[in-house]
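Trainee: Take this structure, written in structure tokens, and hold onto it; I'll ask about it next.
There are 2 protein chains.
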Amino acid sequence: MKILVLGGDGYLGWPTAMHLAERGHEVTVVDNYLRRNLARATRSEALMPTPNLHERAEIHQAHGGRPIDVVIGDCTDYRMMAALFERIRPACVVHYAEQPSAPYSMIGYDEARTTLHNNLTATFNVIWAVLEHAPSCHVVKLGTMGEYGTPNIDIEEGWIEIEHKGRKDRFLFPRAAGSLYHTTKVLDTDLLWFYVRTFGLSVTDLMQGPVYGLSTPACDRDPRLAPNFHYDDIFGTVVNRFLVQAVAGVPLTVYGKGGQTRGYLNLLDTLQCVTLAAEKPAAPGELRIFNQFTETFTVQELAERVRDAGAAVGLDVKIDHVENPRKEAEDHYYNPVHKGLVELGLTPHPMTREVLVDMLERVLRHRDRIDERKIHPRVRWR
Amino acid sequence: MKILVLGGDGYLGWPTAMHLAERGHEVTVVDNYLRRNLARATRSEALMPTPNLHERAEIHQAHGGRPIDVVIGDCTDYRMMAALFERIRPACVVHYAEQPSAPYSMIGYDEARTTLHNNLTATFNVIWAVLEHAPSCHVVKLGTMGEYGTPNIDIEEGWIEIEHKGRKDRFLFPRAAGSLYHTTKVLDTDLLWFYVRTFGLSVTDLMQGPVYGLSTPACDRDPRLAPNFHYDDIFGTVVNRFLVQAVAGVPLTVYGKGGQTRGYLNLLDTLQCVTLAAEKPAAPGELRIFNQFTETFTVQELAERVRDAGAAVGLDVKIDHVENPRKEAEDHYYNPVHKGLVELGLTPHPMTREVLVDMLERVLRHRDRIDERKIHPRVRWR
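So this is what it looks like as structure tokens:
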């Protein structure tokens, strides 16, 4: 089927695009390199240099990969989006086109404004491009588990039935996110839900946890096809960051007590989840929400797992508890449901020692490229 | 105290500004005439012409009113907002600066985009101007009862305690609004709640129902000080619209079955509520939410009340059920709590026949200005 991957240059976007193309879909990736530009501006470049999207698509094809069309464009520009949807009339759009960093969104007014404007306008434009030019197109939207925050009740998959004073109704599960970035995803969900129930759009909203991983079958064909791998405090996710710290010989920077619990998943499982969602779409008028992660860990547990994997490859990994730059509960209840994607067919890849060792070995090849100044928290939730 | 009234040219903004000035506060009104411009563009001009803000402030003062400073500026322009807060350092900001029409927000992409951009950016700029230039300033934000939609459970005042699988927590009451305009107010609430809990802002969010009324002590000093009174399908609220239809001899346009129930209030009570909120501020780190209305009616009941009031002044008022241009439940449960403002000191002005007769008499003076083309629904939730 015809699939648009918005934000196709991202850590998840590019591996997703190759994966969907290899499944036989006609894939067009769209990106304006916002994340590359913001990473460069904040000295948060990825560990390995990555070719641009046109080059990546050519390298992918040179290795026998199925073609991927590349559009360099800004999803906040409705003229571009409308023309794209009118030309392609996709059956599915995978929407990753958001500023993805929580710390970035907390730097100051300009960064907060960029995050709010970019993320909400991109989502708004996706909605309208679908309404006006591809009304049966299924929207697969990347949300985040962070939308829910850390409530003191079990987190259901997107919805909750509330019984109150003897009456009942079903609502979006309450959301209270920990950064402006995560809050923009809450706003996205509200906006999507309005247009779904009013105009019958078909939407799958994936509440994803932090992703780790460097390896997918298509990425492994050529080092230049690797996902862009950030290890800094702004664009790096926690597992990737810890692995680079382990290789660099820098103590792992656990924020505060380290009791913060989150749901994690392997990059391979992101590809599975997005593919399952795309190939088994939501019904018209349905906002289908899945909690997209496979295992929960505290940050302390993650650090210990990385330390153990480090020992297996001869690294002496230390763990350091640094002052928490974020405002978040460091010790809290966390019991999110995550059944929907397994029922749809997800086979999880757990975070085994082998998986972490393989990642460490890949990072070790780039040891000399690690810039220690990128490792320590630079952004505080003031 | 120093109070900024953003959106001070509006139906509520201008009477609020005069009222707060008469209470002895140092009031500055800010507006960019967006609503005037949109009303002109959609042929939805108010019943009586209203002088501009500078003129209004002069007329108010000529009648012995306390001075009101006027700033013509766009609240989506952060440079303007930041400079304003830095110069004035208000103790309170009353934020009405939003595109206020649900039908307008449902016309098409451009109108939806304008609504989303204007409303969310204005709120975002208020938050940041407070954070950066007046951190102890209390934000009084006008939300809407429409944020909640029409759930099948009792509507609490902003918050709800949920017991789920044997555990409890307190959350924002679930929201599911009926138009994009109302949805932007949901997004505002989410955004305010994030910044309140992260940075300790002090915010009162008023979930207001539809307001009716033409008369306040300050407005009544001079016809040129009257609130701008829209009676069209786009900018007119339902009671005001029915009164003009009654005077024009056009059957009252009840949408669908007319079982839609909402909470209403007199303009005098809006002034009371906003003043009470401003003079008894929320605590730092508190998002205080009140449901701001005094009585609930179905649309059918409102139409019948207007018919009865019409009979008292010799008008033969007919009621017509027209196809509902909106997507909304026409027969639903509705039981919202509204205690907080009464506890704070609100003395409600109920919708008596005398109140409606007084409004009809005021409208009758402008009978020749009524344009019947503005009365029937022009915007459909497609």
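Each protein sequence line maps, in turn, to chains X and G.
Be aware that the first sequence starts at 135, since it is given in our numbering, and climbs by one per residue.
Be aware that the second sequence starts at 135, since it is given in our numbering, and climbs by one per residue.
Think of the CB as a built atom: it goes at the ideal place given N, C-alpha and C, for glycine as much as any other residue.
#1: Rounded to whole angstroms, what's the CA-CA distance from Trp327 (chain X) to Leu421 (chain X)? Just pull it up for me.
#2: With 16 other CB atoms within 10 Å as the buried threshold, where does Trp293 (chain G) fall?
#3: Apart from the five residues just before and just after Thr278 (chain X), which ones in its own chain have a Cβ nearer than 7 Å to its Cβ?
#4: Check this for me: beta carbons of Glu291 (chain G) and Asn425 (chain G), under 8 Å apart or not?
#5: Output, in chain order, the set of chain G residues within a Cβ distance shorter than 8 Å of Lys299 (chain X).
#6: Quick check on Asn400 (chain X): does DSSP put it in helix, strand or coil?
#7: Let's test the definition: count the other Cβ atoms within 10 Å of the Cβ of Glu179 (chain X) and tell me whether it reaches 16, buried, or not, exposed.
#8: Which bits of chain G does Ala416 (chain X) rub up against, with CB to CB less than 7 Å?
#9: Drop a sphere of 10 angstroms on the beta-carbon of Pro201 (chain X), count the other beta-carbons inside from all chains shown, and report buried for 16 or more, exposed for fewer.
#10: According to DSSP, simplified to helix, strand and coil, what is Leu470 (chain X)?
#11: Taking contact to mean at least 3 C-beta pairs separated by less than 8 Å, is the segment 196-214 of chain X in contact with the segment 155-169 of chain X?
#12: Under 7 Å Cβ to Cβ from Phe363 (chain X), same chain only, skipping five residues before and after it: list those, please.
#13: Just checking my contact of Val489 (chain X) with Leu386 (chain X) at CB under 8 Å: how many whole Å lie between their CB atoms?
#14: Mapping DSSP to helix, strand and coil, what is Met485 (chain G)?
#15: Name the chain G residues that come within less than 8 Å of Asp324 (chain X), Cβ to Cβ?
#16: Once DSSP output is grouped into helix, strand and coil, what is the label at Gln394 (chain G)?
#17: So is Asp356 (chain G) in contact with chain X if we call contact Cβ pairs under 8 Å?
#18: Using a cut-off of 8 Å between C-beta atoms, extract the partners of Lys302 (chain G) located in chain X.
#19: Tell me whether His455 (chain X) sits in a helix, a strand or coil according to DSSP, three-state version.
#20: Within 10 Å of its beta-carbon, does Thr284 (chain G) have 16 or more other beta-carbons around it, so buried, or fewer, so exposed?
#21: Give the range of the beta strand (DSSP E) segment to which Asn425 (chain G) is assigned.
#22: Can you find a C-beta in chain X that's less than 8 Å from the C-beta of Phe219 (chain G)?
#23: Opposite Ile206 (chain X) in the DSSP bridges: which residues?
#24: Tell me whether Tyr145 (chain X) sits in a helix, a strand or coil according to DSSP, three-state version.
#25: Within a Cβ cutoff of 7 Å, which residues of the same chain sit near Ala195 (chain G), ignoring the five residues on either side of it in sequence?
#26: If you draw a straight line from the C-alpha of Gly518 (chain X) to the C-alpha of Arg516 (chain G), how long is it?
#27: Using a Cβ cut-off of 8 Å, which residues of the segment 382-398 of chain X contact any Cβ in chain G, in chain order?
#28: Would the segment 295-305 of chain G and the segment 321-339 of chain G be scored as touching if the rule is three or more Cβ pairs under 8 Å?
#29: Determine the DSSP secondary structure at His510 (chain X), reduced to helix, strand or coil.
#30: Just to confirm, is the Cβ distance from Thr395 (chain X) to Thr428 (chain X) under 8 Å?
#31: Once DSSP output is grouped into helix, strand and coil, what is the label at Val139 (chain X)?
#32: Let me know the beta strand (DSSP E) ranges lying completely inside the segment 262-312 of chain X, each 3 residues or longer, listed in chain order.
#33: With 8 Å set as the bound, which would you pick, yes or no: does the beta-carbon of Lys473 (chain X) sit closer than that to a beta-carbon of chain G?
#34: At what residue ranges does the segment 178-233 of chain X contain a whole run of the alpha helix (DSSP H), taking only runs of 4 or more?
#35: Does the beta-carbon of Asp465 (chain X) have 16 or more other beta-carbons within 10 angstroms, so that it is buried, or is it exposed?
#36: At what residues does the alpha helix (DSSP H) containing Thr323 (chain G) begin and finish?
Mentor: Reading off the structure:
#1: Within the first sequence, the letter at position 193 stands for residue 327 (chain X). Within the first sequence, the letter at position 287 stands for residue 421 (chain X). Whole-angstrom Cα-Cα distance: 6 Å.
#2: Position 159 of the second sequence, counting from 1, holds the residue named residue 293 (chain G). So Trp293 (chain G) ends up on the exposed side.
#3: Stepping through the first sequence from its first residue, residue 278 (chain X) is reached at position 144. Closer than 7 Å at the Cβ level, and outside the excluded window around Thr278 (chain X), lie His316, Lys319, Met341 and Gln342.
#4: Stepping through the second sequence from its first residue, residue 291 (chain G) is reached at position 157. Stepping through the second sequence from its first residue, residue 425 (chain G) is reached at position 291. Yes, the Cβ-Cβ distance between Glu291 (chain G) and Asn425 (chain G) is below 8 Å.
#5: Numbered from its first residue, the first sequence carries residue 299 (chain X) at position 165. Residues of chain G passing the Cβ test: Ile287 and Asp288.
#6: In the first sequence, the residue the question calls residue 400 (chain X) occupies position 266. Here Asn400 (chain X) carries a strand assignment [DSSP, helix/strand/coil].
#7: Taking the first residue of the first sequence as 1, we reach residue 179 (chain X) at position 45. Glu179 (chain X) is buried by the Cβ-count criterion.
#8: Position 282 of the first sequence, counted from the first residue, corresponds to residue 416 (chain X). Simply none; closest approach about 18 Å.
#9: Stepping through the first sequence from its first residue, residue 201 (chain X) is reached at position 67. Classification for Pro201 (chain X): exposed.
#10: In the first sequence, the residue the question calls residue 470 (chain X) occupies position 336. It is Pro, not Leu, that sits at residue 470 (chain X) in the sequence shown. Strand at Pro470 (chain X).
#11: yes
#12: For the purposes of this step, residue 363 (chain X) is taken as residue 229 along the first sequence, with counting starting at 1. Cβ neighbours of Phe363 (chain X) beyond the five flanking positions: Ala180, Leu181, Met182, Leu348 and Asn374.
#13: On the first sequence, residue 489 (chain X) is found 355 positions in, with the first residue counted as 1. On the first sequence, residue 386 (chain X) is found 252 positions in, with the first residue counted as 1. Wrong, their Cβ atoms sit about 17 Å apart, outside the cutoff.
#14: As a position in the second sequence, residue 485 (chain G) is number 351, starting the count at 1. In this structure, Met485 (chain G) counts as coil in the three-state DSSP scheme.
#15: If you number the first sequence from 1, residue 324 (chain X) lands on position 190. What Asp324 (chain X) touches in chain G: Arg309, Thr317, Val320, Leu321 and Asp324.
#16: In the second sequence, residue 394 (chain G) corresponds to position 260, counting from 1. Coil at Gln394 (chain G), not helix or strand.
#17: Mapped onto the second sequence, residue 356 (chain G) falls at position 222. With 8 Å as the cut-off, Asp356 (chain G) does not count as an interface residue toward chain X.
#18: Counting from 1 along the second sequence, the entry for residue 302 (chain G) is found at position 168. Under the 8 Å cutoff, chain X gives Asn286 and Ile287.
#19: Here residue 455 (chain X) refers to the residue found at position 321 when the first sequence is read from its first residue. Assignment of His455 (chain X) by DSSP, reduced to helix, strand and coil, places it in the strand class.
#20: Within the second sequence, residue 284 (chain G) is the residue found at index 150, counting from 1. Counting Cβ neighbours within 10 Å, Thr284 (chain G) comes out buried, since at least 16 surround it.
#21: Your numbering for residue 425 (chain G) matches position 291 in the second sequence. That run of the beta strand (DSSP E) goes Leu421 to Gln426.
#22: For this step, residue 219 (chain G) is matched to residue 85 along the second sequence. Output row for Phe219 (chain G): interface = no.
#23: Taking the first residue of the first sequence as 1, we reach residue 206 (chain X) at position 72. In the DSSP output, where bridge partners are listed per residue, Ile206 (chain X) has X:Asp165.
#24: The sequence position of residue 145 (chain X) within the first sequence is 11, counting from 1. Residue state, collapsed to three classes: coil.
#25: As a first step, residue 195 (chain G) must be located in the second sequence, where it is residue number 61. A small correction: the amino acid at residue 195 (chain G) is Gln; Ala does not occupy that position in the sequence shown. Result list for Gln195 (chain G): Pro201, in chain order.
#26: This structure cannot settle anything about residue 518 (chain X), because the visible part of chain X is limited to 135 through 516.
#27: none
#28: no
#29: Walking along the first sequence from the start, residue 510 (chain X) turns up at place 376. Three-state DSSP puts His510 (chain X) in coil, outside helix and strand.
#30: Taking the first residue of the first sequence as 1, we reach residue 395 (chain X) at position 261. Taking the first residue of the first sequence as 1, we reach residue 428 (chain X) at position 294. For Thr395 (chain X) and Thr428 (chain X), no; Cβs fall outside 8 Å.
#31: Here residue 139 (chain X) is taken as the residue at index 5 of the first sequence, counted from 1. In this structure, Val139 (chain X) counts as strand in the three-state DSSP scheme.
#32: 272-278, 293-298 and 301-306
#33: By one-based count along the first sequence, residue 473 (chain X) stands at place 339. With 8 Å as the cut-off, Lys473 (chain X) does not count as an interface residue toward chain G.
#34: 187-196 and 212-222, all fully within the segment 178-233 of chain X.
#35: The sequence position of residue 465 (chain X) within the first sequence is 331, counting from 1. Around the Cβ of Asp465 (chain X), a 10 Å sphere holds fewer than 16 other Cβ atoms; the residue is exposed.
#36: In the second sequence, counting from the first residue as 1, residue 323 (chain G) sits at position 189. First-last of the alpha helix (DSSP H) with Thr323 (chain G): Leu314 to Phe333.
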